[in-house]
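The opening residue of the sequence shown carries number 35 in our numbering; numbering runs sequentially from there.
Glycine included, each C-beta is placed from N, C-alpha and C at the ideal position.
Predicted model, so just to flag it, every value in this text is computed and none were measured.
Everything below concerns the one structure shown next.
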Amino acid sequence: MAVKNERPAGAPEWYRLDNSALIYPAVMRRNWAAMFRVSVTLTETIRPDVLQQALEDTVRRMPTFRLSLRRGLFWYYLDLNEPMPRVEPDVLNPCKKIDKGENGGYCFRVRYYRERIALELFHSISDGTGAMVFLKTLAARYLTLRGHPIPAGEGVLDCGEEPRREEMEDSHLKHAHFQRIESRRESAAYHPAMTREPVHTLSVITGRMPVEQVHERAGALGVTINEYLAGALCYAFCRLQKKELAGKKQRPKPVKISVPINMRSFYPSETVRNFSLFVNPGVDPSYGDYSFEETVLQIHHFMRLRLNEKYLNAVLSANVGNQKNAAARLAPLFLKNWAMDIGYRLYGESRYTVSLSNLGVMKAPAAMAPYIRRFDFIMGPPRTNTHGSTAVSWDGVLNLTVASVVEETEAERLLFTELVRRGIHVLVESNRNPY
């Protein structure tokens, strides 16, 4: 039975969805929602009773996670939950849509398995950065309750402090300055023709590799690790498309990688809600075959052109402008949902082949680090696309994960064998053969 608790001090009773979050409820389907998962594996077996107490302490500290999605006349909104969420055992196929009424109406779930604590959440609540703050705070509180005191810092919040308004703000509205509005128009991208798995089946394949080896290979080309990984992913899907079109008189489509940009890198923001934008670098094989190095450099130059505050603010302003448009604000919710669903079809997954979200190198307080074995990051099933990829690093090891909703694993094979061919040692794991 859910436990009741008072409203956290300083937390409003309801929240408007942040600007990035508005799209996700509008494009939900009966069996699909935009979900993702972050997890931490500790050095000791998880005790569910202690984890439950740690979860209750964490949601009191982070009230923007203590919410249920509600349907209003003009907008969806987030309503504060009094009952506490409950921890639950982990499952083989993660990131299933959270059904209405499940887990007390929360938009996230916390799961455990052996030494692992996993947080799965609906994207309307937070992005990867905010989710990792919640996960690290939860794990730190768990360790503290187990007799290993962990101080705040390095993305761990103090559960003894009151929530701060800066953590709850919609930073999109704060930083959009409308000097320029950037159009979203771009060409459609290649999507593999593959056999879809039964609904709620998510194939998860992770390649574990030394960060230093990836850094050396990226540095040799003068690119970042993220650009190198995006280039490797793009190259794998270019080869996949070439195989599909062999013997056919059909023009290849652009292969594009959707890369989220953490806007906290450009603006002072402490929000644990969404604050990300997306860019779609790639190559167009209709111009000819690109080598691995050429593909990586194409990604690099695109990212150098786009990753500047002025361009990103134009994209940010376009998104916020749509929200503030008088006609849009007065339109009833069912019309907004219809319009946003059309927009998602035109400018969403159809415009990229696969996503790559990289949380970078994880940090933790010095007292916490000895109790952490690894972090993992998994993208939930896409609505129409076939694959989503993620990366996160800890203790010198980079975990590159490809999640898919198809039977074939050719894209993953092409990706990881290419990295191995370039001298990167890759250990492959899968939920088809769980570790």
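Residue j beta carbon less than 8 Å from that of residue i
| i | j | result |
| --- | --- | --- |
| R385 | A222 | yes |
| T92 | R175 | yes |
| C129 | E154 | yes |
| R273 | L448 | yes |
| V233 | N465 | no |
| L179 | V84 | yes |
| V121 | P82 | yes |
| Y224 | P123 | no |
| S474 | L103 | This structure cannot speak to residue 474, because the chain is shown only from 35 to 469. |
| V74 | P399 | no |
| F484 | L432 | The shown model of the chain, from 35 to 469, leaves out residue 484, and the question about it has no answer. |
| R363 | V61 | no |
| A33 | M413 | Since the first and last residues shown for the chain are 35 and 469, residue 33 lies out of range. |
| L367 | L107 | yes |
| T387 | F312 | no |
For residue i, the first and last residue of its enclosing alpha helix (DSSP H)
| i | result |
| --- | --- |
| A60 | I57 to A60 |
| T240 | Looking at the DSSP string, T240 is not in any alpha helix (DSSP H); the run it does join, the beta strand (DSSP E), is S237 to P244. |
| T171 | G162 to L179 |
| I259 | I259 to L279 |
| M374 | L367 to Y381 |
| K208 | S205 to H209 |
| E199 | Correcting the residue identity first, residue 199 is Arg in this sequence and not Glu. Its alpha helix (DSSP H) spans residues R199 to M202. |
Assigned exposure category for residue i - 16 Cβ within 10 Å defines buried
| i | result |
| --- | --- |
| H206 | buried |
| A164 | Checking the displayed sequence, the identity of residue 164 turns out to be Gly instead of Ala. When all chains shown are included, G164 counts as buried. |
| I376 | exposed |
| N65 | exposed |
| T240 | buried |
| E383 | buried |
| R143 | buried |
| W109 | buried |
| V37 | Its pLDDT being 40, under 50, V37 is placed unreliably by the model, and nothing is read from it. |
| A152 | buried |
| E261 | buried |
Segment limits, beta strand (DSSP E) that includes residue i
| i | result |
| --- | --- |
| S73 | M69 to L76 |
| S464 | L461 to S464 |
| E154 | R150 to F156 |
| W66 | Where W66 is concerned, there is no enclosing beta strand (DSSP E), given that its DSSP letter is neither H nor E. |
| K130 | Neither: K130 is in no beta strand (DSSP E) and is coded neither H nor E. |
| F142 | F142 to Y147 |
| F212 | Unbroken run through F212: none, as it is neither H nor E. |
| F312 | S310 to V313 |
| Y321 | Y321 -> no beta strand (DSSP E), and no H or E assigned at all. |
| Y49 | W48 to R50 |
Close-in-space but distant-in-sequence residues of the same chain around residue i (CB under 8 Å, 5 per side omitted)
| i | result |
| --- | --- |
| A348 | Q213, R214, I215 and E216 |
| I458 | M243, P244, Q247, V248 and R251 |
| G430 | P244, V245 and E246 |
| R456 | R251 and F326 |
6 Å Cβ shell around residue i - same chain, five flanking residues per side excluded
| i | result |
| --- | --- |
| D161 | N308 and S310 |
| H182 | none |
| S389 | S292 and G422 |
| G57 | The amino acid occupying residue 57 in the given sequence is Ile; Gly does not appear at that position. Once the five neighbours on either side are set aside, the close Cβ partners of I57 are M374. |
| P415 | L236 and V439 |
| L339 | none |
| A352 | I215 and E216 |
Contacts around residue i, its chain only, beta-carbon distance under 7 Å, and the 5 residues preceding and following it disregarded
| i | result |
| --- | --- |
| Y269 | F326, T329 and E452 |
| A450 | What sits at residue 450 in the sequence shown is Phe, not Ala. Closer than 7 Å at the Cβ level, and outside the excluded window around F450, lie G241, V460 and V462. |
| I259 | V248, H249 and A252 |
| R230 | V439 and V440 |
| D192 | A186 |
Discussion item. As an exercise, report each continuous alpha helix (DSSP H) stretch of at least 4 residues that is fully enclosed by the segment 332-359, in chain order.
Written reply: 343-358
Item to complete: Scan the segment 89-127 and note each continuous beta strand (DSSP E) run of 3 residues or more that stays entirely inside, going in chain order.
Response: 101-105 and 110-114
Discussion item. For a minimum of 4 consecutive residues, which ranges assigned as the alpha helix (DSSP H) are wholly contained in the segment 368-453?
Written reply: none
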